[in-house]
Amino acid sequence: MHILAYTYKLINKSTHYTDMNHYTARHLISGIFLSLSLILLSLQPANATYKVTSFETGDAEIDVRVFKADGDKLLLGFACDQGSSVAEEATASTLAKDGIEVWMPDMLSAYMLPKLRSSLYDIPTDGLEKILEAAVKTGKKIYLVASGPDTELILRLAQDWESKHKDTPLGGALLMFPRLNKTKPEPGKPPVYQDAVGKTHLPLMVLEGERTPNRWGVGHLTNALKKGGSTVYAKLIPDVRGYFFKRNDPNVPEDLVTTQMSGLIKASLFFLGRAH
Amino acid sequence: MFKITLISAFIAFFISTVSAAELKKFEGDALAPALTLTSLDGKEVSLQDQKGKVVLLQFWATYCTPCRKEMPSMNKLIKKLEASKTPFKILAVNMGETKDEVQKFVDEVKPEFTILMDEKGENVQAWNVFAAPSNFLIGPKGKIRYTLYGGVDWDADEIVTTIKELAKDPSKEANKQKEEVKS
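Protein chains in written order, with this note's numbering: chain S, 6 to 281; chain E, 294 to 476.
So this is what it looks like as structure tokens:
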């Protein structure tokens, strides 16, 4: 009952859109509605079925969890919790069942880095480029996904990929709850972003929680991301807080969005696909 | 013994996370943007009407954990400054939440200062606020003098002294600003 009530709210609540005309906004809502409806009809938990494939680069061996699927889309990255949460594997399994192949590389272990925010900035993109090259060979349209500070890495990857593979464009990138500030926020001053912001022209979708102060920065971030030539969509998810998928005290909407993340991802990929 | 050490370490960490932030001298256009909002109890409050007082203008949200933790220290700060007859006012602007959500929080946390409602977030945008809690310490002549992001013990001696200094004769404050410009 709570789930249905929240779904209704998600569809009807007035939310903030950036760079989206009314027509597009209506269609995003429809997309989310459709995805959530489909998922609500099949709420049984997905089994995490994947194979681990290793990629050797010059200085690392990267293990990638591959959730195979028959569809024409491939999602590379990790939607939440740096690739180690239960919800993430369940999300990947659900996506794979719906035809979206998911590759989840374990970057921190590959480079023997501690699970810290600062570690992410030390990860070179060459290993991920090698994985991308293998992903491209599948013939599927490739999309990148990351959450929180991890979004810096995929923006950097997109920039490097575009500079070296001009004839092989990627489908887009999904930035879930991006944390891209370079410095501590300073009241009264606009944020200073990581260098990778505004350097790619990849279509981008930003998802942000409504109950986090970061929601007030979505417009500013969107404009900064557009500087690279990207089409940028943004969407607020009602009633969820920042890092909701890591919280020990999730509320009903947070529980729902965590378990139904695949619906949001599918709706986002739909719009990223339309940006070309 | 190990248990006590662990608990002490946890307490030390907790304290440090609340009081880690520091007041930072504001560099930029010091003239505060206009701000007129309705308080939680329905009164219209304007920042411009507070001239002659030091104002702590805080942008906060009910889901912001540091905001919740630091509000009791803001109550204590008011009492300390009242004791020294320092003209001071706290205006705490809620960032885009509903009256019901804010009232529930207020009933629980019991802030003893003015809570202002900015349900559309217009002032959040006008003041360039992108995080919570975001604090502006405004001098008696209406100029932003310090900012602070994050949770802090507001009744700490250092902050009380800074506010008392700011509250001194506004003409002295103006002279001090001129001296800063010259140097």
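Think of the CB as a built atom: it goes at the ideal place given N, C-alpha and C, for glycine as much as any other residue.
Let me check understanding here. Comparing Cα to Cα, which of Tyr55(S), Met210(S) and Lys232(S) lies closest to tyrosine 148(S)? If you number the first sequence from 1, residue 148(S) lands on position 143. When C-alpha distances from tyrosine 148(S) are compared across Tyr55(S), Met210(S) and Lys232(S), the shortest belongs to Met210(S).
Classify lysine 78(S) as buried or exposed, calling it buried when 16 or more other Cβ atoms lie within 10 Å of its own Cβ. Start at 1 with the first residue of the first sequence, and residue 78(S) comes out as number 73. Burial check for lysine 78(S): the Cβ neighbour count within 10 Å reaches 16 or more, so the residue is buried.
Complete beta strand (DSSP E) runs within the stretch 342 to 367 of chain E (minimum length 3 residues, chain order): Correct list: 347 to 353.
Can you tell me where the beta strand (DSSP E) holding tryptophan 420(E) begins and where it ends? The sequence position of residue 420(E) within the second sequence is 127, counting from 1. Element bounds for tryptophan 420(E): n/a, residue is neither H nor E.
Can you tell me whether proline 59(S) is buried or exposed, with buried defined as 16 or more other CB within 10 angstroms of its CB? Here residue 59(S) refers to the residue found at position 54 when the first sequence is read from its first residue. One point to set straight first is that residue 59(S) is serine, not proline, in the sequence displayed. Exposed, by the Cβ-count rule.
So the beta strand (DSSP E) phenylalanine 381(E) belongs to, where does it begin and stop? Here residue 381(E) refers to the residue found at position 88 when the second sequence is read from its first residue. Counting along the chain, the beta strand (DSSP E) containing phenylalanine 381(E) begins and ends at 381 to 388.
Indicate whether at least one CB of chain S lies closer than 8 Å to the CB of tryptophan 447(E). On the second sequence, residue 447(E) is found 154 positions in, with the first residue counted as 1. It does not: the Cβ of tryptophan 447(E) has no partner Cβ on chain S nearer than 8 Å.
Roughly how far, in whole angstroms, is the beta-carbon of leucine 133(S) from the beta-carbon of isoleucine 105(S), given that I think they are within contact range, below 8 Å? To locate residue 133(S), count along the first sequence from 1; it is residue 128. To locate residue 105(S), count along the first sequence from 1; it is residue 100. Not quite, the Cβ-Cβ distance comes to about 19 Å (not below 8 Å), so this is no contact.
How about serine 47(S): is its C-beta nearer than 8 Å to some C-beta of chain E? One-based indexing of the first sequence puts residue 47(S) at position 42. Because serine 47(S) carries a pLDDT of 43, less than 50, the predicted location of this residue cannot be relied on, and no value is offered for it.
Thinking C-alpha only, which one of Gly435(E), Pro426(E), Lys413(E) and Asn421(E) is nearest threonine 331(E)? Within the second sequence, numbered from 1, the residue matching residue 331(E) stands at position 38. Among Gly435(E), Pro426(E), Lys413(E) and Asn421(E), the Cα nearest to that of threonine 331(E) belongs to Lys413(E).
In angstroms, rounded to a whole number, what distance separates the CA positions of leucine 207(S) and lysine 240(S)? For the purposes of this step, residue 207(S) is taken as residue 202 along the first sequence, with counting starting at 1. For the purposes of this step, residue 240(S) is taken as residue 235 along the first sequence, with counting starting at 1. One alpha carbon belongs to leucine 207(S), the other to lysine 240(S), and they sit about 17 Å apart.
From the DSSP output, which residues share a beta bridge with tryptophan 166(S)? Translated into positions along the first sequence, residue 166(S) becomes position 161. The partner list for tryptophan 166(S) (beta bridge, DSSP) is empty, contrary to what the question assumes.
Exposed or buried, which one is proline 50(S) when buried takes at least 16 other CB atoms within 10 Å? In the first sequence, counting from the first residue as 1, residue 50(S) sits at position 45. Low local confidence applies: a pLDDT of 43 at proline 50(S) is under 50, so the model's placement there is unreliable, with the coordinate-based value given in what follows. Exposed is the call here.
Reduced DSSP secondary structure (H/G/I, E/B, other) of glycine 278(S): The residue given as residue 278(S) occupies position 273 in the first sequence. Helix at glycine 278(S).
Within 9 Å of chain E by C-beta, residues of the stretch 175 to 196 of chain S in sequence order: Answer in chain order: Asn186, Lys189, Pro190, Glu191, Pro192, Gly193, Lys194, Pro195 and Pro196.
Under 8 Å from the C-beta of glycine 414(E): neighbouring residues of chain S: The residue you call residue 414(E) lines up with position 121 of the second sequence. Contact of glycine 414(E) with chain S by beta-carbon distance below 8 Å involves Trp221.
Could you tell me which chain E residues have their CB closer than 9 Å to the CB of arginine 246(S), listed as they occur along the chain? As a first step, residue 246(S) is located in the first sequence; it is residue number 241 there, counting from the start. The contacting residues are Tyr356.
So, using beta-carbon positions, are isoleucine 242(S) and leucine 179(S) closer together than 8 Å? In the first sequence, residue 242(S) corresponds to position 237, counting from 1. In the first sequence, residue 179(S) corresponds to position 174, counting from 1. For isoleucine 242(S) and leucine 179(S), no; Cβs fall outside 8 Å.
In whole angstroms, what is the alpha-carbon distance linking tryptophan 353(E) and glutamate 315(E)? Counting from one through the second sequence, the residue named residue 353(E) turns up at place 60. Counting from one through the second sequence, the residue named residue 315(E) turns up at place 22. Cα to Cα, the separation comes out at about 17 Å.
Chain E partners of proline 258(S), CB-CB under 9 Å? The residue you call residue 258(S) lines up with position 253 of the first sequence. Those do not exist, as proline 258(S) stays about 12 Å from chain E at its closest Cβ, beyond 9 Å.
Helix or strand or just coil, what does DSSP make of glycine 36(S)? Your numbering for residue 36(S) matches position 31 in the first sequence. Unreliable placement is indicated for glycine 36(S), whose pLDDT of 46 sits below 50; the coordinate value is still reported in the next sentence. Taken through DSSP and simplified to helix, strand or coil, glycine 36(S) comes out as helix.
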